[in-house]
(Lines of atoms letter the chains of each structure in order from A and count residues from 1; the text may use other names and numbers.)
(Lines give C-alpha, C1' and ligand atoms only; values in the text may rest on other atoms or scores of the structure.)
Protein backbone atom coordinates (compact mmCIF):
# COMPACT_ATOMS: atom_id res chain seq x y z
CA UNK A 1 0.00 0.00 0.00
CA UNK A 2 1.10 3.55 -0.68
CA UNK A 3 1.69 5.82 2.32
CA UNK A 4 -1.35 7.94 1.45
CA UNK A 5 -3.57 4.85 1.48
CA UNK A 6 -2.20 3.75 4.84
CA UNK A 7 -2.74 7.23 6.27
CA UNK A 8 -6.37 7.18 5.07
CA UNK A 9 -6.87 3.73 6.58
CA UNK A 10 -5.46 4.87 9.94
CA UNK A 11 -7.46 8.11 10.03
CA UNK A 12 -10.67 6.25 9.17
CA UNK A 13 -10.02 3.60 11.86
CA UNK A 14 -9.42 6.35 14.43
CA UNK A 15 -12.50 8.31 13.32
CA UNK A 16 -14.65 5.16 13.57
CA UNK A 17 -14.05 5.04 17.34
CA UNK A 18 -14.11 8.81 17.89
CA UNK A 19 -10.37 9.40 18.21
CA UNK A 20 -9.80 13.00 19.18
CA UNK A 21 -7.71 15.69 17.51
CA UNK A 22 -6.35 13.43 14.74
CA UNK A 23 -3.27 15.01 13.12
CA UNK A 24 -1.06 13.73 10.31
CA UNK A 25 2.58 14.81 10.25
CA UNK A 26 4.73 14.57 7.13
CA UNK A 27 8.18 13.54 8.40
CA UNK A 28 9.82 12.75 5.07
CA UNK A 29 13.33 14.15 5.01
CA UNK A 30 13.42 14.44 8.81
CA UNK A 31 13.96 10.74 9.52
CA UNK A 32 14.35 7.45 7.74
CA UNK A 33 12.01 5.56 10.09
CA UNK A 34 8.78 6.58 8.34
CA UNK A 35 7.15 8.99 5.91
CA UNK A 36 4.30 10.06 8.18
CA UNK A 37 2.92 9.92 11.70
CA UNK A 38 -0.73 9.99 12.63
CA UNK A 39 -1.41 11.16 16.17
CA UNK A 40 -4.72 10.87 18.00
CA UNK A 41 -6.03 11.37 21.51
CA UNK A 42 -8.10 8.88 23.48
CA UNK A 43 -10.26 9.85 26.44
CA UNK A 44 -8.92 7.10 28.72
CA UNK A 45 -6.44 4.22 28.74
CA UNK A 46 -9.24 1.90 27.63
CA UNK A 47 -10.15 4.23 24.75
CA UNK A 48 -6.47 4.54 23.72
CA UNK A 49 -6.20 0.74 23.59
CA UNK A 50 -9.46 0.40 21.63
CA UNK A 51 -8.34 3.01 19.07
CA UNK A 52 -4.96 1.33 18.57
CA UNK A 53 -6.60 -2.10 18.27
CA UNK A 54 -9.01 -0.73 15.66
CA UNK A 55 -6.05 0.59 13.65
CA UNK A 56 -4.32 -2.79 13.94
CA UNK A 57 -7.42 -4.70 12.83
CA UNK A 58 -8.15 -2.33 9.93
CA UNK A 59 -4.57 -2.65 8.68
CA UNK A 60 -4.68 -6.43 8.99
CA UNK A 61 -8.00 -6.54 7.09
CA UNK A 62 -6.41 -4.43 4.33
CA UNK A 63 -3.59 -6.99 4.13
CA UNK A 64 -1.11 -4.49 5.55
CA UNK A 65 -0.53 -5.88 9.06
CA UNK A 66 1.49 -3.82 11.52
CA UNK A 67 5.20 -4.50 11.91
CA UNK A 68 4.71 -4.05 15.64
CA UNK A 69 2.60 -2.56 18.40
CA UNK A 70 4.13 -0.97 21.50
CA UNK A 71 2.09 -0.33 24.64
CA UNK A 72 -0.59 -2.41 26.27
CA UNK A 73 -4.12 -2.20 27.60
CA UNK A 74 -2.96 -0.18 30.61
CA UNK A 75 -0.90 2.29 28.61
CA UNK A 76 -1.35 6.01 28.16
CA UNK A 77 0.39 5.73 24.77
CA UNK A 78 0.18 2.98 22.15
CA UNK A 79 2.24 3.04 18.96
CA UNK A 80 1.24 1.05 15.88
CA UNK A 81 4.09 0.67 13.37
CA UNK A 82 2.75 0.29 9.84
CA UNK A 83 6.09 0.71 8.09
CA UNK A 84 6.03 4.07 6.32
CA UNK A 85 3.29 5.28 8.67
CA UNK A 86 3.38 5.24 12.46
CA UNK A 87 0.20 5.75 14.48
CA UNK A 88 0.51 7.22 17.99
CA UNK A 89 -2.58 7.03 20.20
CA UNK A 90 -2.29 8.79 23.56
CA UNK A 91 -4.22 10.19 26.45
CA UNK A 92 -4.50 13.98 26.46
CA UNK A 93 -1.99 14.24 29.32
CA UNK A 94 0.70 12.22 27.49
CA UNK A 95 0.06 14.02 24.23
CA UNK A 96 0.47 17.40 25.88
CA UNK A 97 3.60 16.28 27.74
CA UNK A 98 5.45 14.77 24.76
CA UNK A 99 4.07 17.25 22.18
CA UNK A 100 5.12 15.21 19.15
CA UNK A 101 3.74 17.83 16.78
CA UNK A 102 6.24 20.38 18.07
CA UNK A 103 9.07 17.85 18.29
CA UNK A 104 8.69 16.83 14.64
CA UNK A 105 8.17 20.40 13.43
CA UNK A 106 11.88 21.09 14.03
CA UNK A 107 13.84 20.42 10.89
CA UNK A 108 16.56 21.45 8.47
CA UNK A 109 14.63 24.54 7.41
CA UNK A 110 14.90 26.06 10.89
CA UNK A 111 17.33 28.98 11.22
CA UNK A 112 19.56 27.62 13.97
CA UNK A 113 18.47 23.97 14.06
CA UNK A 114 19.00 23.92 17.84
CA UNK A 115 15.70 24.93 19.35
CA UNK A 116 15.96 25.49 23.10
CA UNK A 117 14.23 22.99 25.34
CA UNK A 118 11.99 24.43 27.99
CA UNK A 119 12.81 22.98 31.44
CA UNK A 120 9.20 21.89 31.82
CA UNK A 121 9.36 19.95 28.52
CA UNK A 122 12.49 17.87 29.19
CA UNK A 123 12.02 14.12 29.22
CA UNK A 124 12.61 12.41 32.52
CA UNK A 125 13.06 8.74 33.31
CA UNK A 126 10.20 7.30 35.27
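Numbering (the working numbering), first residue to last: 57 to 182. All residues carry an ideal CB built from backbone N, CA and C; glycine is no exception. Remember, it's a predicted structure, so these values are computed and weren't measured experimentally.
A straight line joining the alpha-carbon of residue 69 with that of residue 160 spans about 23 Å. The bridge partners DSSP lists for residue 133 are 146.
With 16 or more other Cβ atoms inside 10 Å of its own Cβ, residue 75 counts as buried. Residue state for residue 91 is assigned as coil, using DSSP reduced to three classes.
If only uninterrupted alpha helix (DSSP H) runs of at least 4 residues are considered, those enclosed by the region 101-132 are 101-117. The shortest C-alpha to C-alpha distance from residue 98 to any of 151, 156, 152, 147 is the one to 147. In the three-state reduction of the DSSP assignment, residue 82 falls in the strand class, which pools E and B.
In this structure the region 84-96 touches the region 137-153; the number of beta carbon pairs closer than 8 Å is three or more. Judged by their CB atoms, residue 114 and residue 156 are not nearer to each other than the 8 Å cut-off. One Cα belongs to residue 71, the other to residue 84, and the distance between them is close to 24 Å. In this structure, DSSP gives residue 140 a state outside helix and strand, which the three-state scheme calls coil.
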